[in-house]
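Notes to accompany the following structure.
There are 6 protein chains.
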Amino acid sequence: MLHADRRIGRQALMLVLDEDARAEVIQKQGWIGCVGKVGSMDAHKVVAAIETAAKREGVIGEDRYREGHALYHAILEALQGVTRGSLQLGSVLRTVGLRFAVLRGNPYENTEEGDWLAVALYGTIGAPVKGLEHEAIGLGINHI
Amino acid sequence: MLHADRRIGRQALMLVLDEDARAEVIQKQGWIGCVGKVGSMDAHKVVAAIETAAKREGVIGEDRYREGHALYHAILEALQGVTRGSLQLGSVLRTVGLRFAVLRGNPYENTEEGDWLAVALYGTIGAPVKGLEHEAIGLGINHI
Amino acid sequence: MLHADRRIGRQALMLVLDEDARAEVIQKQGWIGCVGKVGSMDAHKVVAAIETAAKREGVIGEDRYREGHALYHAILEALQGVTRGSLQLGSVLRTVGLRFAVLRGNPYENTEEGDWLAVALYGTIGAPVKGLEHEAIGLGINHI
Amino acid sequence: MLHADRRIGRQALMLVLDEDARAEVIQKQGWIGCVGKVGSMDAHKVVAAIETAAKREGVIGEDRYREGHALYHAILEALQGVTRGSLQLGSVLRTVGLRFAVLRGNPYENTEEGDWLAVALYGTIGAPVKGLEHEAIGLGINHI
Amino acid sequence: MLHADRRIGRQALMLVLDEDARAEVIQKQGWIGCVGKVGSMDAHKVVAAIETAAKREGVIGEDRYREGHALYHAILEALQGVTRGSLQLGSVLRTVGLRFAVLRGNPYENTEEGDWLAVALYGTIGAPVKGLEHEAIGLGINHI
Amino acid sequence: MLHADRRIGRQALMLVLDEDARAEVIQKQGWIGCVGKVGSMDAHKVVAAIETAAKREGVIGEDRYREGHALYHAILEALQGVTRGSLQLGSVLRTVGLRFAVLRGNPYENTEEGDWLAVALYGTIGAPVKGLEHEAIGLGINHI
Chain A
132 MLHADRRIGR QALMLVLDED ARAEVIQKQG WIGCVGKVGS MDAHKVVAAI ETAAKREGVI
192 GEDRYREGHA LYHAILEALQ GVTRGSLQLG SVLRTVGLRF AVLRGNPYEN TEEGDWLAVA
252 LYGTIGAPVK GLEHEAIGLG INHI
Chain B
132 MLHADRRIGR QALMLVLDED ARAEVIQKQG WIGCVGKVGS MDAHKVVAAI ETAAKREGVI
192 GEDRYREGHA LYHAILEALQ GVTRGSLQLG SVLRTVGLRF AVLRGNPYEN TEEGDWLAVA
252 LYGTIGAPVK GLEHEAIGLG INHI
Chain C
132 MLHADRRIGR QALMLVLDED ARAEVIQKQG WIGCVGKVGS MDAHKVVAAI ETAAKREGVI
192 GEDRYREGHA LYHAILEALQ GVTRGSLQLG SVLRTVGLRF AVLRGNPYEN TEEGDWLAVA
252 LYGTIGAPVK GLEHEAIGLG INHI
Chain D
132 MLHADRRIGR QALMLVLDED ARAEVIQKQG WIGCVGKVGS MDAHKVVAAI ETAAKREGVI
192 GEDRYREGHA LYHAILEALQ GVTRGSLQLG SVLRTVGLRF AVLRGNPYEN TEEGDWLAVA
252 LYGTIGAPVK GLEHEAIGLG INHI
Chain E
132 MLHADRRIGR QALMLVLDED ARAEVIQKQG WIGCVGKVGS MDAHKVVAAI ETAAKREGVI
192 GEDRYREGHA LYHAILEALQ GVTRGSLQLG SVLRTVGLRF AVLRGNPYEN TEEGDWLAVA
252 LYGTIGAPVK GLEHEAIGLG INHI
Chain F
132 MLHADRRIGR QALMLVLDED ARAEVIQKQG WIGCVGKVGS MDAHKVVAAI ETAAKREGVI
192 GEDRYREGHA LYHAILEALQ GVTRGSLQLG SVLRTVGLRF AVLRGNPYEN TEEGDWLAVA
252 LYGTIGAPVK GLEHEAIGLG INHI
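Protein chains in written order, with this note's numbering: chain A, 132 to 275; chain B, 132 to 275; chain C, 132 to 275; chain D, 132 to 275; chain E, 132 to 275; chain F, 132 to 275.
Below you can see the structure in the form of structure tokens.
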């Protein structure tokens, strides 16, 4: 069962929705995490920005593919929520401005569940013209 | 431009992430909205539950198709975030337990932008066995 | 090159958009074809209705899988235009009322191109309530 | 209910299928509309061509995002019909040559339904070699 | 790097393509695995059949969600190869007859990569009439 | 019915999974075929590499669009198995290294079924860093 106080997805979402809550949340739970921002018309740059931050902050290791694989799929799942139907940005004439958060820890009551990853994205998506945009959210969860 | 204090998507997300904030948020902004819960292996039951609540609470009118059309597409977009790739639940052996919120109002600085709809979903998705599930989020935004 | 007067897709579309033009068009070109109607919340019933009509009218043979395979993929492609993103009807709480046409013939200047199939769909898609719907179109083209 | 004589999608489709019918149709109904052509291996150029024409001809206003948002989603839905499964052109080695039409008006019997948009696309899709292509259609409908 | 002799996906594929090679392959590598057959018009029955076999044969544990989560996503990825565009069977009037294999082990040279899962599917997909079908393959790989 | 000894998809898969079996298989069945390799972050280069090889080896004719059309769709279907959800490579920061095979012949007992095409792909997909990748498979079957 998910532990009510350790819902890792909810915490990652709070990190992208509320900038002030950040530091204490991560420390309180004993979780590892990072936050950052990225704006682009290229989905691959969003992926790269999150991967770079997660490796730099030690959320995932750089020497094992299995951790990169877990993060990659969590990022793509979060991007599905942002793009809602097609993982495309500039190729269909739209751009994103996103705040991202990655959290790593065990959200389950059973300690044997080990670590999971949550990737949260929040920001705007729209035409490549300032103001012609609306909000978007995404969350990807994966075991690691 | 989106008005920093009237980000309708963020407010709808807070309504599904934090149960206590609900009533005051909706009233403070002069927005119309509703919240509710739905659990199902049928995506069409999730759609129906949200549509029924939104009509009952007066978020959309029952006599004009254009408002139902706006809500329907916002719901499907929110479900894309929850399902991340394929709008299917029981047909691929998974189920959801979701809290939903619908907000209606103008999130832009320009008053001529008129009303927009935000549909937020938060809860769990997973196997039809209690505990074999993780969190999921979704947000659909549409003009109305 | 496509022959300007034998654009098979355009002719199939005219058959679903304009009921009066039907018979003469099919005969004039020496094409084989059929038209019909189907309304359903089940995509598989739309597929079955078109397959049944096409076999009954001799547009495709019943004894060779290759012709059924060509028709099946043309139908699914036409349904993509109708559903615009997800080949689902009732499972996302929507229904269709469609007129369909299937034409078989060679639309190319080169006679060696042989027969091709065009499946056209036109009608409405929307909530399972009369009037809460809008128009939709679809066209699938395949070699046969 | 859709008004039998004001089916906006059907009219937009006739505009792309039959070049001669154009002007009188738009004027007869009191509708606003535009037609044009675009050929590209980039989906974003198709989107841009239609958006530019619609703004230039006054079909949508340039100062309100809600109208651009309505048009954008109608265009993407029409492109789903053309691409049938994946909103990609050059990235999967194919190109389109399309005639497009955008119409704005009320297709419903109820005058309170207000304006709707229809985006119709018709032309060819295929390999980036002249003649190695077949026909394609698409229609997107949205409230505005 | 993938170890040339321990390509887990290739081995799982050989298990579904060649019935005779099965037992020795699994034992030779020190891998855990299972094979089986399933035929259905319901994708959820394919998922359930593979999950049941994998748990019964001890390929994944029953008490930890993280292993079920890894297997579920590997199954869905394999089904993408079989269905090629839409994870639907009976709802678009088609059925599958599949042989499946699940293998668990480390395919990488680096022993720290730990266990991975490979789910391979091979068989036929087509109309619900014997013979009106062609072959299909799928492979899903996930860390566990 | 598929002829047990002439399963064209299985043979194409064996050609990409086992390099030694190649030549004799193609000759034994009286089939036409080709094999090759391609690595790229651009899906269109994978498509082009297979099309070029198939034309050069005489698997499909260069003068008839219907054969190119059959091959194109078989390639895209095979790529669905490799990409599992979205036909994108570099645009979502991943690359492939693939061995491909194309076979042409009649896999059915009924000689009237004529020629069919099988396109098989096998190799790796992953981050654009050597070693950060796992295996992938794909198979597309089409009548020709």
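Don't be surprised by glycine CBs; every beta carbon is placed ideally from N, CA and C.
Short-range partners of chain C found in the stretch 205-235 of chain E, where Cβ spacing is below 9 Å: G216, S217, Q219, G221, S222, V223, L224, R225
Output needed in chain order: residues of the stretch 236-266 of chain F with a Cβ under 8 Å from some Cβ in chain D. none
Taking three-plus beta-carbon pairs below 8 Å as touching, is the stretch 256-267 of chain D in contact with the stretch 191-208 of chain F? yes
Residues that B:N273 bridges to, as DSSP identifies them: B:L248
When you compare the CB positions of D:C165 and D:V147, do they come within less than 8 Å of one another, or not? no
Check the Cβ-Cβ distances between E:R187 and every residue of chain A, and say whether any is below 8 Å. no
Look up A:R235 in the DSSP assignment and give the residues it is bridged to. A:I163, A:L248
Going by C-alpha to C-alpha distance, which of D:E193, D:K176, D:R141 sits closest to B:E243? D:E193
Where F:R235 and B:Y196 are concerned, what is the direct C-alpha to C-alpha distance, given to the nearest angstrom? 52 Å
Does the beta-carbon of E:M276 have 16 or more other beta-carbons within 10 angstroms, so that it is buried, or is it exposed? Because chain E is modelled from 132 through 275, residue 276 of chain E falls outside the range shown and cannot be assessed.
Compute the beta-carbon to beta-carbon distance between E:G170 and E:L229, rounded to the nearest angstrom, for a pair I have assumed lies under 8 Å. 7 Å
So, under 8 Å CB-CB, E:G254 and E:V227 are touching, yes? Tell me the CB distance rounded to an integer number of Å. 6 Å
Between which two residues does the alpha helix (DSSP H) harbouring F:K184 extend? Residue identity differs from the one stated: residue 184 of chain F is Ala in this sequence, not Lys. Note, F:A184: alpha helix (DSSP H), 174-187.
Is C:G257 near the ligand GDP, judged by its Cβ being under 7 Å from some heavy atom? Here there are no bound small molecules, and the ligand GDP is not part of this structure.
Given a limit of 7 Å on CB to CB distance, which residues of the stretch 176-203 of chain F reach chain C? R195, Y196, R197, H200, A201
What does the alpha-carbon distance come out to for the pair D:H274 and B:A185? 18 Å
Quick check on the DSSP output: the alpha helix (DSSP H) that includes D:Q211 runs from which residue to which? 196-214
Report the three-state DSSP secondary structure of A:L224 (helix, strand or coil). coil
Thinking C-alpha only, which one of A:V213, A:I268, A:A249 is nearest A:G140? A:A249
Close-in-space but distant-in-sequence residues of the same chain around B:F231 (CB under 6 Å, 5 per side omitted): G167, I181, L252
Between the CA atoms of D:E150 and E:W247 - distance to the nearest angstrom: 58 Å
Where E:H117 meets chain A, residues with beta-carbon distance less than 7 Å: Nothing about residue 117 of chain E can be reported from this structure: the residues present for chain E run from 132 to 275 only.
If we cut at 8 Å on Cβ distances, does D:M172 have a partner in chain C? no
Go through its chain and collect everything with a Cβ distance to F:A179's Cβ below 8 Å, but skip five positions before and after it. none
Spatial neighbours of E:S217 within its chain, please: C-beta separation below 8 Å, excluding the five flanking residues on both sides. V223
May I ask which residues mark the beginning and end of the alpha helix (DSSP H) holding C:V147? 139-148
Using a C-beta to C-beta distance shorter than 9 Å, which residues of chain A count as neighbours of B:G164? Neighbours of B:G164 on chain A: none; closest Cβ ~15 Å, over 9 Å.
Could you tell me which chain A residues have their CB closer than 8 Å to the CB of B:R138, listed as they occur along the chain? E266
So is D:L148 in contact with chain C if we call contact Cβ pairs under 8 Å? yes
Looking at the structure shown, is E:A267 part of a helix, part of a strand, or coil, going by DSSP? strand
May I have the straight-line CA-CA distance separating D:L210 from C:V213, to the nearest angstrom? 11 Å
Figure out for me which residue from C:L133, C:E198, C:D136 has the closest Cα to the Cα of E:G257. C:E198
Under the assumption that D:G245 contacts D:D173 (Cβ atoms under 8 Å), give the Cβ distance between them as a whole number of angstroms. No, D:G245 and D:D173 are not in contact; Cβ-Cβ is about 33 Å, not under 8 Å.
Residue burial classification, C:E208 (beta-carbon count within 10 angstroms, cutoff 16): buried
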